[in-house]
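Report on one structure; see the data block that follows.
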Amino acid sequence: MADGFIGRSRVSCHDNMLRLLIYIASLYLANAQVRDCPLLWVRDDVSQRCYQFVYDQQSYETATMLCAVESLFSLDGYCFKFIHPTVLLPTVPHCILGKSKWLTSGEQDLTIAQMFRWMGDSSVLNADLAQFMSSGGSGTVLVFTFKDVEFKLGLAEVSDKLNYICEISMDMAYMVLNQDRDFRFGTYITDEEAMTYGPQFTKMPEDVIMIAASKQAYVDCRAMGNPPPTYRWFRGDDERQINEEVSPSTSERYTLTNGKLTIQLPNEEEDAGYYRCEVENRFGKIISDPIQMSFGFLAEFSNVKDAPVPAVAYDGTVVSCSDIKYKPDVVYNWMRQGFSGSGFEYIYTELMPYMFISTNGKLYFTEVTRVDEADYYCQVTLSGVSSTVVGSSQPPSKTSLAISLSVSDSAARADWGPNIHNDFIAVFPKPPMRGEELRMECFAYGSAKNYENSWSYSWSRAGKAMPAGTKFTDLNRVLTIENVQREDEGTYTCVVSRGNAASDSKSVTINLEARPYFLVPLRAQHIDEGAHLTWRCQAGGRPIPYYTWYRNGVEITTSTPDMTVNKNVLTITNADAELHNGMYQCAATNIHGTTLSGAQLQVYSFAPTFAKSPPKESQDAALRGNLTVACNPEAAPKAEIQWLKNGNMPLSTGGNIQILVNGYLHISNINSNDAGIYTCKATNIHGEAQGSTRVYVRLGTTINRILGPKSQVNLNDTAFLRCEASYDPVLDLMYAWKFNGRELDIEDDVHYTLGTHSNTRGLYIKNVQFKHEGQYECIARTPLNEAVSAGVLTVLGPPGECGGVFADPHTVTTTTILLYWFPGDDNGRPIDYYIIQAEAVIQPNVWFTVRAGVPDVEAVVDGNARGMRSIMVSGLDPGNGYRFRVQAANSYGIGMHSKPSQIYQTKPAPPSRAPTGVSGGGGSVGDLTMVWKVLSRVYRGGPNVRYIVYWRTYSTDPNHQWSMTEVSNVNTTKYVHQVGDTNYYMKYEVKVQAFNDYGKGPNSTEVIIYSAEGLPAAAPEKVNADGFNSTAMEVYWISVSDTRAAMKGLVRGYQINYWANNNDDPPLTKFIRYQGQRDTGLVIGLEADSYYWFNVQVYNTAGLGPRSERYTQETKNPAPFLYPQEAHVHSNGAESVKLTWRGISTSVAEDTLRGYMIYFWQANENYRTATEVRVDRKPTEYILQGLKKNIVYAVRIAGYSGGGAGKKSPTVFFTLGMEREQIFSKSSG
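Numbers -32 to -1, 1 to 1197, taken from mature numbering (1 follows the signal peptide of the UniProt record, and there is no 0), label the letters of the sequence shown in order.
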C-alpha cells in the first residue's frame, strides 16, 4: 500500500477514500499551475474542482472565513469558497457525506421569493439543482446531505453550527502549496518593517451628521504604506459621482492634515453631500468607502397645545409626544407637573415602575389612577443614529407644551392583566441592522398593585440560548444586544406574568439587514509574469450586494487588457507587471451603502535565489527506502531545476532518480551508492543559483522527523506533533497515533487532524484542552519493522477544579463558617491564591465573592497529608442558607469553579443591614414625605420584619427629640407625615430602621430632607426692557430674595412672559424660562420695530409665583441690509496696510447707520479668531496696524447700527509688502 494517512480508518470506506486523496503534497512546482488537487482534498473531474470536507462544526459566516483564510492545512492568503455543487459528486463515499449536514455557500436572496444564490460567485441556483430541494429544516442557508443513496439540499439557520466544505478550482489549486509570499519576496529584505508596499486603509471614514451651529466638521481616513501615502478628499452630490476635489486650494475653509479633512463653519448648501478619501503612493491608489455628510435639525414644537388625553381610572393608557420634525433621530424624556401646582419632576421608570418610556417617544402606563392626572411635557434631544457621529457636543433639545392627562373616575377593578399592548414587541432600529445595538421592548397593561414584586418580564429565543452579551434593563422590559450579528437572529418571545395569577406572551422574528461586510476580503497577490489569477471577494449583506472592481481607484471595464470581471470574481489571464501591477479593490453595494476591500497585486520577474530557503546541510535516508530532497529557490518566472551529484554528475529522471514536477529530487529504493552531496541548480532568464545537501544512508525504516520528547502548549491553542518516516516503498507504510497507550480514532474526534506544517507531516491538536495532556506515540509501520517516536505533551493553563468543598457545621455562627477543600492540579504553574464564593439559597444563581485572594500558603492545613486547605469565611448574613464554591488561580489565570457544597444555614439574628435609598421631600404643602427601598430578604435575619421611621426638625442639639412611627408591612416604602401648612420647606432629619422578632437592626444614615414647598409669595420688581438688536430684547428686574418667607422654598428660576402690544389681554402669552437666581434675561425671536409687553414670575417646585407689573418696549429697526463694496488693501508701512471701501446707506426701514465693523484674521486660522475694529461712518478707510510679514491675512467689512451688525463684504486676502489680487470672496449675510 502506498503512503496514505490512517487514524484507525473504517475498512469499508478506506479503499474509496484513498482513491480520492491525491498524493501531491510534494509534487507541485512552486510557480507552475498544475491541474490537480492538494493532499487530503477530493477531486472532481467533471467540474474540474477540488473539495475539502472539514469536520469542524462552525456557523455559516465563520466557515466562510475559515475556507477563505486558514484551513486545517494552513491555507493562508488564498481565495476559497463554499462548495458550488453543480455536480452530485458521485465518487465521494457516502461514509463522508452521510456524516452530517454540510454547509454550502448557498443563501436565500430575501429580496426575491424562493431565490437562492451561491455566494461564492453570486450565481443563482439553477433548476437542475432546485429539484433536489427537500422540505426539511428551516432557515436561509443551503445545506446538503446524502440520505440513503439520494442527494438532497435542505435549509439551516445562519447561526447553526455544522460541518462544511471548501472549494477551489484546479486552475488555482497550485496556490495551496505555493510558497508563502509577501512584499519581501524576491528581495533581500528580511525585516517586515523595511518592506515596501502599497497603501492599506487602517481607518475608514464614517458618516457625519452636523448640527447647524457647529463651528467645524471633521472627516477622517487613515492608511499605512511604505513609502508613506498621500491623501486627497473628493465630494459629490451623488454617491456614484464623487469627483469634486476638496482641499485648502479650493477653499480657505478646508484644512487637510494627513487624512483628516477639517471644514470650518460648515453649511448645508456648500458642504452637504457624499465624500470619499483617496490614498496613493508609488505602488498605486485606493479609495475609501463613500460617506455622507448631512445636516441635522430639530424644529420647534407647535405653539398650539395638544388636546387633553382622556383616560379611565384603573385602565392602561398611553400619552404620545407632540409632533415635531427632526433629522436624523431624537431621544425622548418626559417630565410632569401636577394640576395642583406641584413641581416639575422627571419621570424615572426605576422610581415609577408602572410607567414605561418607549424609544418610539410614547409614555405608557400599566394602570392609570387619579394620582397620574397631571400636565406632561415631552422633551426631545437631537441625536445621531448609531452608525453616525453627531458633530456637536451639545445637540439641541426642545420641550413640548403641556400635554394634559385627564383621568375620569371609575370603580377600582379586580386584579387584571397582563395584556401586552399592540405596540409591542417593539424592535429598534427599524429595520434592525447588523453591527448596531438591537433593542426589543415589551410592555403590558394590567393591575399595577404591588407592581415591582408581583410583575415579571422574561425573554427566550426559540430553540437556542440567548446571545452572549444580551442585557436586560427597565425591569426586564427592554432586551438589548450590542453589536448584533446574524447568528443572533431568531424568534424571540416575551412572557409577562403577574405573580402566578396570569400571564401573556408575544413573539417577534428578528431578521437583520446589513450594509455589506466582507467575509472573504481581498488579500495581497504575488504572482509570476504570465500567470493566471482568479481573484475572488465575498461580502455578506442584506439585501444581497452587487459588486464593482477598481484598479488604482478607476473602475475596471471590459476594455482592460487580459482582465475579466464576473460579479465578485476578477480573472487575469496573462499577468504583466506593466499592465497589472497596482492596487485593486472590490466594492460591495446594497441599499444600505458601499463597502470596499482592497489589496495589492505584484507581478514578479527576477533571477533565482536561495537567500531565504537554503537546502538542509544533511538528510538521513532508509536503505531501500525513499527520500525527497527539497529545492525551494525564489524565482520569477519559474526556475528550471537541474540536479548534480557530488558537484559534477548531472542527474535526470531514470532508475531510482526522479526529478519531480516541483523541482524536488526524489530517490527511491535507496542503496549505499546513493549517499553523497546533491546540488540543486536553479536557472531562469535572469540568471542562476545553487545549493547543496549531504545524504546519509541508514538501515531500516526510520523516523527522520521525530516528536520532541517534551512539548508544551497553552490551553485553547493548537499543538502540532511532527512525525515523518523514511521507509522502503516496496512495503506498505501506515502511520498510527497513540495517546496514553490507546490508539486514536482521528475521524471521530474533531480536535485531531492529520496534516502538514512547514513541509512536515504530523498531528494537529486544535483547541487543546487539559484532557489532551499526556504521552503521544507516532508509529510508522511496515511489514519489516516499525519505528516509534514518542513524546509528552503538557498543557499549561489555569489550575484544575478544586474538590471536596465542605464546612464544619459546629463552627457555624450568625455570620461565619469554617470552610475546607482540596486543591486540583496546578497545570504547570504553582497555585497562587484561592477565591471563595457563596450563593444564598433565596437568591439562586447569584454567586458573590466572600473571600478573594486567599494565599495558598495561608490556607494549608498543618499536618494534613492529603493537602487539604481551609479558611474561615466571614461577612455572611444571619438566617440564610448558603452554598460555597472555590476557584484556584495561578500565573495563567483563574481555574474552574469547584462543584458547590451542600447548604449550610447561618443562625438567625436581627436584620444585618439598614434600609437603603432613604430620601424624601415634595408632595403637597404641609407634607413631609419619607421614602426608602424594601429591605432585601437576604438582610432580614429572621421572621416578621417591619420598619421604624424616625424624623425631627433639624437641630445642632444631638439630644433633640426624635418622632417615630412603625410601618408594619415590609413591602411598604413610603410614609407621609403632616407637619402643617405653616411648616412649608422646613429642614428635617430622617432615618429608617428595620427590626424582626430577634431585635432591631442598624439605623440607616441620617439624611436631610425638606417638607414640601409652597407657591412663591413675592414677585420680581421694577421690570424694564431695552432693545438688544432688531429681533431681541434684554429684560431686567430686581430679583426675589431667596428666602423661605419670600419663596416658601428655593428660587428655581424665572419665567419671562411676553406678548405683542396690540393685545392688552391675550388668552395665551409666550414665555421663556431661565434657571437659577438672576436679574436679567434675553428674549429672542421678536419682530423688528415692534412694541411688546413683558412681565416676570419667579418659580419653585410648587409652581409660579405672582406676576410682576408689566412693562412695554419697542424693538430696534433692522441692521443694515447692504454690505460695503469695492474693499481694497493698499501698502502703507512696515507693519500696516490701508483699507478702503465704498460705504453704504440705510433706508427708512433700517436703523440709522452708526459706522463700520472691520474683521481681520490670519487666513489659516478659524474666522472666530478675527479681531473686530469699530470705525466711524466717515471716512471709509482705515489703517490696520500691528501686522506681521509673510502671513496671509483675511479681512471683511460690515456696517453696524443699533439693530446690530449687517451683512459682511466678500473676503479679501493680503500680505504685507505687496498688493495682491483677490483670490477668493464669498458673500455673507
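Ideal Cβ positions, reconstructed from N, Cα and C, are used throughout, including at glycine.
Treat the numbers as computed from the prediction; the structure is a model and nothing was measured.
| Check | Outcome |
| --- | --- |
| LEU1036, buried or exposed, once every other Cβ within 10 Å from all chains shown has been counted against 16 | exposed |
| Burial state of TRP1061 (16 or more Cβ within 10 Å) | buried |
| GLN232 to ASN534 span [Cα, whole Å] | 43 Å |
| Nearest neighbour of CYS462, chosen from TYR485, HIS494, ALA482, SER428 [CA to CA] | SER428 |
| Buried or exposed by the 16-neighbour rule on C-beta atoms within 10 Å, applied to ALA1102 | exposed |
| Host beta strand (DSSP E) of ASN682 (start-end) | 678 to 682 |
| Alpha helix (DSSP H) runs contained entirely in the stretch 799 to 861, provided each spans 4 or more residues | 824 to 827 |
| For ASP239, the first and last residue of its enclosing alpha helix (DSSP H) | 236 to 239 |
| Contact check, MET1125 vs VAL1105, beta carbons under 9 Å | no |
| Counterpart residues of ILE1040 in DSSP-defined beta bridges | ILE1024 |
| SER972, buried or exposed, once every other Cβ within 10 Å from all chains shown has been counted against 16 | buried |
| Residue span of the alpha helix (DSSP H) that contains ARG1012, given as start and end | 1012 to 1015 |
| Cβ-Cβ distance between GLN1081 and ASN1025 below 9 Å | no |
| SER1169, enclosing beta strand (DSSP E) - first and last residue | 1161 to 1169 |
| 9 Å Cβ cutoff met for ILE259 and PRO173 | yes |
| Residues near PHE269 by beta carbon distance below 7 Å, same chain, minus five either side | SER290, ILE292, LYS366, SER368, LEU369 |
| Beta carbon of VAL537 nearer than 9 Å to that of LEU595 | no |
| Assigned exposure category for ILE1151 - 16 Cβ within 10 Å defines buried | exposed |
| Helix, strand or coil at ASN624 [DSSP, three-state] | coil |
| Beta-carbon gap between SER936 and ARG914 smaller than 9 Å | yes |
| Endpoints, the alpha helix (DSSP H) within which HIS998 is located | His is not the amino acid found at residue 998; the sequence shown has Ser there. Neither: SER998 is in no alpha helix (DSSP H) and is coded neither H nor E. |
| GLY1172 versus PRO513: straight-line alpha-carbon distance, rounded | 55 Å |
| ASP994 to GLU1002 span [Cα, whole Å] | 5 Å |
| Enclosing alpha helix (DSSP H) for GLU420 [first to last residue] | 419 to 422 |
| Residues near GLY593 in its chain [Cβ-Cβ closer than 6 Å; skip 5 each side] | ILE638, SER694, TYR695, ASP696 |
| ASN249 - partner residues in DSSP beta bridges | GLY252 |
| Whole-angstrom distance between THR459 and GLY329, CA atom to CA atom | 25 Å |
| Option in ASN1134, SER1099, THR1120, ASP1144 with minimal Cα separation from THR1183 | SER1099 |
| Continuous alpha helix (DSSP H) stretch holding HIS1096: start and end | First-last for HIS1096: 1093 to 1101, but that is the beta strand (DSSP E), not the alpha helix (DSSP H). |
| Member of GLN805, ASP800, PRO677 whose CA lies at the smallest distance from the CA of ASP824 | ASP800 |
| Complete runs of the alpha helix (DSSP H) confined to the stretch 907 to 936 [at least 4 residues] | none |
| Alpha carbon of TRP302 to alpha carbon of SER326, nearest angstrom | 11 Å |
| For PHE263, the three-state DSSP class (helix, strand or coil) | strand |
| Contact check, ILE495 vs GLY352, beta carbons under 9 Å | no |
| Proximity below 9 Å, CB of ASP205 to CB of GLY241 | yes |
| Alpha carbon of PHE324 to alpha carbon of THR782, nearest angstrom | 41 Å |
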